[in-house]
Every structure is written in C-alpha cells, then in structure tokens.
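Chemist: Per my numbering, the very first residue in the sequence shown carries number 110; after that it's consecutive.
In this text, a Cβ means the ideal position worked out from N, Cα and C, and glycines have one as well.
All figures in this text were calculated on a predicted structure; none of them were measured in a lab.
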Amino acid sequence: MKNSESDQAFFIESDEDDDKDSIRGEDDGNESEFSNYSDDNPHHQSKPSSLNPSWPQSYRQSIDLYSSVPSPSLNFLGTPTLSRLGSSFLSSSLTRRHTPEILPSLSKPFLPPATDNQQPQERRSSHSLLPPRGSSAKKLPPYQKSSKVSHELPLARQSSYGQSVVNGINVLCGVGILSTPYAVKEGGWVGLLLLFLFGVLSFYTGILLRYCLDSQPGLETYPDIGQAAFGTTGRLIISIILYVELYACCVEYIILESDNLSSLFPNAHLNLGGLILNAHYLFAIMMALAVLPTVWLRDMSVLSYISAGGVVASVLAAGCLFWVGLVDNVGFQIETTKALNLSSFPVAIGLYGYCYSGHAVFPNIYTSMAKRSQYPMVLLTSFCICGVLYAGVAVMGYMMFGESTASQFTLNLPTNLVASKLAVWTTVVNPFTKYALTISPVAMSLEELIPSNHMKSHIYSILIRTGLVLSTLLVALCIPFFGLVMSLIGSLMTMLVTLILPCLCFLSIRKGKITLFQVSLCVLIIAVGSVSLGIGTYTSLAAIIQQLS
C-alpha cells in the first residue's frame, strides 16, 4: 500500500476506447445536475488551487477498503494488482476495461491545480486514472506523484444505486444494533424518540456533506471538506476525530469478543506461574493475538470481501432475537419496563447516537456513485432500513428482558437454544474481519509520518500496527464496559462527526449563499448536538469512573 518515492511514470492502456468515451459522457451527465450549485460559488472554487497536499493522504483509500462491499464478480486468482483493483464495488467495472502495466508511487494531493482553462467547472478527481479522451496512454502530471504515500488505485464513479445502498447499510448497521435494547432500558420507552430524532438529523447532515463536496472541484473525503471550510487546521482536527472514533471502535470489538466468549465459556481460565487470567482477560488477549496477523496484511481486499458479511451478520443476529422471543417462547417482561428513566437517560443519548455514525464514509460513497443524483435516495433507503432494524431489535429486546437487559442482547439469550448459539457465534466471528479494516486507516495515517528514507522497510509498518493492536487491548482490559464505552463514543465522537461538524463546514463553505432557514436549521442541529455531546459525555465518563472505583 505504501511505496518509496519514485520517478516512474504511470501508464494506462485502454483496449476499449468506446467504453472510455462512454464513461466520460456519463460523468459529464452526472455533473450537470450540480453545475449550477457549483457555479454560483466562485470564491470557493478559486480557493483550492493554492492549497498544498496535507496529512492524511491515505484517507480515501483506507476508508474505501473499510466501508465498501466487494464485488461478487471479483476473481481472487488473478494478479495481486487486479485483486486490489477489484477489491470493492467502487472499481469492479473498471477492472474489465483498463489494465495498469506499471504501478508507481502514486499519491493523492489535496486539490490538484486546474490545468484546463476551458473546463473550469469539471470535477477533477485526484484518484482518476483514466487518460484524456483520444489517448490510450498518457503520463500523469507531476503534481500527482508522491513523496510519501501510495494509493492502490481507488477508482471513482462505479457504484450503482443498489451497491451504494448496501455500502451505506454496511457502514450504518454494525455492533450498535446489539445495544439498542440496552439503550431503551437506560432511557425508557420515551427514549426511542431519540432514535428517530437522530436518524432524521443525521440524514439531513449527510445531505449537507454532498453540497460541501459539490461546492468546489477536487473535494472527495471528509478531511477534504474540513480543509475547504477551515484550512489545514480543520483538516487535521477532523482527521484526528475520525481516527480516534475508528480506534475506539476497535476497543469495542475486543470488549465485545471478551464478553460473548466469556458467556459461552465462563469457566475458562489460564494460570501463568501464579498469574491467573479469568475468562474476560483470556479471551480479550486471544482476540488481539488472533487479529494481529490480519492487521499486518499489505493487501486487505480479501478482508474487505469477507466483511460484506457484516450486513448479513446484523440481520441474522436480529432474526435470532425474534426467533427466541416469538418461536421459542422465552417470554416477555413488559411489566418491568419503564416509560422514562431520567437517571440514566443521558447514557441512552450516546447509545442512540452511535447507531448513525457513518458520516465519515458518506463522502466516499457519494464520490464513488455512477449517478450522484441518486445519493439522497441512497441515504434515505439506508437510514430507513437501518432505523427499522434498530427499532425492531430495541423493542423486542427490551420487552423480552426488561430491566435485566444487558449491554449486548446476546448476553441475555438463553444458552441452551440453537438460535441463541447462532446469534452469539455470529456476533463473535464478525469482528475478526472488521478489526483489521477498522484499524487500517489509523495505521496508514501514522505510516505517512515515517521518513521517506525508511519507507521501503515494512518493519516500521509492522511495529505501528502491532502497537495499535496492543494499545486497544490495553484500553479494553482497563475499561471493559461495552455499553458505557459505546455511549461515550456516541456522545463525544459521533455527535461531532454526524451533527456538529457537517453543519459548521456547510455554514463556512456556503457562507453568503444559503437561506436564513438553512442557517437556522444548522444552528438548531449544532445546538442539539452540543447539548447531547456535553450531557452524554459527562454522564458516560462519570459512570465509567464510578465502575472503575
């Protein structure tokens, strides 16, 4: 993924000029819808040309691997280069048209300078590998050469509507579904209104990200939006927040494995010269050791393919919950449920907020779509499907377990039932493929800081990735509270990424070009996000400290 500095040229040979022409024509058609929106903002369109490449440059590539559902037509028996090219829906169709012959060190600059005065409004993707029309091979301009980080050919505008929806669901519907019954327990039935409220607000801020991306050429990722809005400082702050959120998710994976495996094997322990490791410690360490080799992989396209099962795993776990409640007749404890639980209501804020933590990936999904005009419907479909799934699991789980609901509903399921075992093992297996893909963006961002004269040595990458895994293990062992950690992530990180920052960036980038209603709505969302952040973060931290003491 990372190569040393090279002066090699990058060539692409096309055997099907007609296909290439059709792609260009399709892209032009897709851009026309937003041309008016971009044309009325000349101030911001002139802005990017003066900006230099800034850390992180690996964000687009690493997030594409993390979030994208791979193409089922991928042939893993091909060359490593073709496997990388076909590692996701974002590039599956281009691999049938273009074969790269020489792979140099190729890096994504933040915003490439305009070189074609005749087409100033055309979006210039910094990841585009197609030569200009009429040429079968062309050397890339100097500004696309890297001094540090190479990218494995992320190709844009290839996802269909259906593929984009699946990518969106894959991002939104994660381990958060396991804690929705616990969220209802913490906040009461009234707290379910937060699930609906945050869903509506998150959908709207996801649309705002689209308008930020369309405000000027070259914007492709969330950090790009941060730089366009607040300069290099904004890019750095947003990047750090996004990476901390991914890091915290890896901590959650280890806690999740430890809790569920301990429920399956509660008497497991290990005696090391008088040091006794109970089931929780033992399985947390085993999880870290098991995922370590996957984190060392240089090509994670195989993991990206397997991680597509995350959507299936979530649906399967939810189905097992319904089966246990309705078919196995475990029973309901509706009489023990509460309408409102004020004392722990702030914890529910973070748990519900965590359910919609997909905004870090939405810009990647948008810029990868073949027809970008379908983006609002992609978001709406993804949010509706996930919202219904979240609400169904939340209601069913809380009705079944009442005030005894655990932080993960799998811990409440009777261990003697087949459906229960299937739900637990599905939950256990899923993080093994997700962990490496989740920690990889953090690792790649740190690898960018390696001096260029040491880039050829893989030992530095191995040390960084090993250190990250061990640190997540240490944090998980010190703070083994799945529900509270999730609430903290949802209150602090998700509120920033999902509600506050999109509105701030939109107001900054579109300043003077938006209506009073849009300004008022953004201010309202910022206020809701800020209050939720403050109350939820304080309550979660206080609860964690109380548990530790």
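Taking Ile316 as part of the alpha helix (DSSP H), name the residues at either end of that continuous run.
Modeler: Ile316 -> alpha helix (DSSP H) spans 301 to 322.
Chemist: Determine the DSSP secondary structure at Asn380, reduced to helix, strand or coil.
Modeler: DSSP places Asn380 in strand when its eight states are reduced to three.
Chemist: Assuming Cys614 is part of the alpha helix (DSSP H), what are its boundary residues?
Modeler: Element bounds for Cys614: 610 to 618.
Chemist: Exposed or buried, what is Thr342 when buried is set at 16 or more other beta-carbons lying within 10 Å of its beta-carbon?
Modeler: Classification for Thr342: exposed.
Chemist: Quick one: is Gln655 buried, meaning 16 or more other Cβ sit within 10 Å of its Cβ, or exposed?
Modeler: Per the 10 Å Cβ criterion, exposed.
Chemist: How far does the alpha helix (DSSP H) with Lys543 in it reach, from first residue to last?
Modeler: From DSSP, the alpha helix (DSSP H) with Lys543 extends over 527 to 556.
Chemist: How would you write the range of the alpha helix (DSSP H) that Gly434 sits in, first residue to last?
Modeler: First-last of the alpha helix (DSSP H) with Gly434: 418 to 435.
Chemist: Residues in the same chain with beta-carbon distance under 8 angstroms from Ser431, minus the five sequence neighbours each way, listed in chain order, please.
Modeler: Residue identity check: residue 431 is Phe in the sequence provided, not Ser. Same-chain partners within the cutoff: Gly501, Met505.
Chemist: With burial defined as no fewer than 16 other Cβ atoms inside 10 Å of the residue's Cβ, what is the status of Tyr647: buried or exposed?
Modeler: Classification of Tyr647: exposed, given that the 10 Å Cβ count is below 16.
Chemist: In angstroms, rounded to a whole number, what distance separates the CA positions of Pro181 and Gln272?
Modeler: Low local confidence applies: a pLDDT of 40 at Pro181 is under 50, so the model's placement there is unreliable, and no value is given.
Chemist: Mark His468 as exposed unless 16 or more other C-beta atoms lie within 10 angstroms of its C-beta, in which case mark it buried.
Modeler: Buried: at least 16 other Cβ atoms inside 10 Å.
Chemist: How would you label Tyr252, buried or exposed, when you count the other beta carbons within 10 angstroms and need 16 or more for buried?
Modeler: Its pLDDT being 34, under 50, Tyr252 is placed unreliably by the model, and nothing is read from it.
Chemist: Going straight from the alpha carbon of Glu295 to that of Leu616, what length do you get?
Modeler: Their Cα atoms are separated by approximately 35 angstroms.
Chemist: Quick one, which of Leu613, Ser580, Pro540, Tyr465 has its alpha-carbon nearest Ile598's?
Modeler: The candidate whose alpha carbon is nearest that of Ile598 is Tyr465.
Chemist: Residues in its own chain within less than 7 angstroms of His109 by CB, not counting five upstream and five downstream?
Modeler: Past the boundaries of the shown model lies residue 109; the chain is included only from 110 to 658, so the question cannot be answered.
Chemist: Have a look at Asp333, Val299, Asp173 and flag the residue whose alpha-carbon is nearest the alpha-carbon of Pro611.
Modeler: Cα-wise, what sits closest to Pro611 is Asp333.
Chemist: Going by beta-carbon coordinates alone, are Leu519 and Ala528 separated by less than 8 angstroms?
Modeler: Inspection of the sequence shows that residue 519 is occupied by Thr rather than by Leu. No. Outside cutoff.
Chemist: Could you tell me the distance, in whole angstroms, from the CA atom of Val538 to the CA atom of Pro455?
Modeler: The alpha-carbon atoms of Val538 and Pro455 are separated by roughly 31 angstroms.
Chemist: Taking the C-alpha atoms as reference points, what is the distance between Leu630 and Leu310?
Modeler: C-alpha separation (whole angstroms): 10 angstroms.
Chemist: Leu287 and Tyr461: beta carbons closer than 8 angstroms?
Modeler: No, the pair does not count as a contact, with Cβ atoms beyond the cut-off.
Chemist: Does the distance from the C-beta atom of Gln517 to that of Phe590 stay below 8 angstroms?
Modeler: Contact: no.
Chemist: Apply the 10 Å Cβ neighbour rule to Met587 and answer buried if 16 or more other Cβ atoms are within range, or exposed otherwise.
Modeler: Reading the sequence as shown, one finds Cys at residue 587 and not Met. It is exposed - the Cβ of Cys587 has fewer than 16 other Cβ atoms within 10 Å.
Chemist: Whose C-beta lies closer than 7 angstroms to the C-beta of Ala515 among residues of the same chain, with five residues either side of it excluded?
Modeler: So the list reads Tyr291, Asn521, once near-sequence residues are dropped.
Chemist: Tell me the start and end of each unbroken alpha helix (DSSP H) in the stretch 456 to 522 that is at least 4 residues and wholly inside, in chain order.
Modeler: DSSP runs (the alpha helix (DSSP H)) wholly in the stretch 456 to 522: 471 to 476, 484 to 510.
Chemist: With a CB to CB cut of under 7 angstroms and the five nearest residues on each side skipped, what residues in its chain are close to Leu401?
Modeler: These residues qualify, in order along the chain: Thr575, Val578.
Chemist: How would you call Glu329, buried or exposed, if buried means at least 16 neighbouring beta carbons within 10 angstroms?
Modeler: Glu329 comes out buried.
Chemist: Do Leu488 and Gly283 count as a contact pair if the criterion is CB distance below 8 angstroms?
Modeler: It is not a contact, given that the beta carbons lie outside the stated cut-off.
Chemist: Roughly how many angstroms separate the alpha carbons of Ser371 and Leu365, rounded to a whole number?
Modeler: The straight-line gap from Cα to Cα measures roughly 10 angstroms.
Chemist: Determine the DSSP secondary structure at Leu661, reduced to helix, strand or coil.
Modeler: With the chain represented from 110 up to 658, any question about residue 661 goes unanswered, as that position is not in the structure.
Chemist: Just to confirm, is the Cβ distance from Pro472 to Leu351 under 8 angstroms?
Modeler: No, Cβ-Cβ distance for Pro472 and Leu351 is not below 8 angstroms.
Chemist: Can you pull the DSSP bridge partners for Leu386?
Modeler: Per DSSP, Leu379.
Chemist: Here's a check: name, in chain order, each residue in its chain whose Cβ is nearer than 8 angstroms to the Cβ of Thr188, leaving out the five neighbours to either side.
Modeler: Model confidence at Thr188 stands at a pLDDT of 35, short of 50, so the residue's coordinates are unreliable and nothing is read from them.
Chemist: Could you tell me the boundaries of the alpha helix (DSSP H) in which Val578 lies?
Modeler: Per DSSP, Val578 belongs to the alpha helix (DSSP H) from 568 to 587.
Chemist: Is there contact here, the stretch 166 to 174 with the stretch 542 to 550, by at least three beta-carbon pairs under 8 angstroms?
Modeler: Touching, per the Cβ criterion.
Chemist: Does the beta-carbon distance from Tyr484 to Arg619 come in below 8 angstroms?
Modeler: Taking 8 angstroms as the Cβ cut-off, Tyr484 and Arg619 do not qualify as a contacting pair.
Chemist: Are the CB atoms of Gly297 and Leu449 nearer to each other than 8 angstroms?
Modeler: Yes, they are a contact pair.
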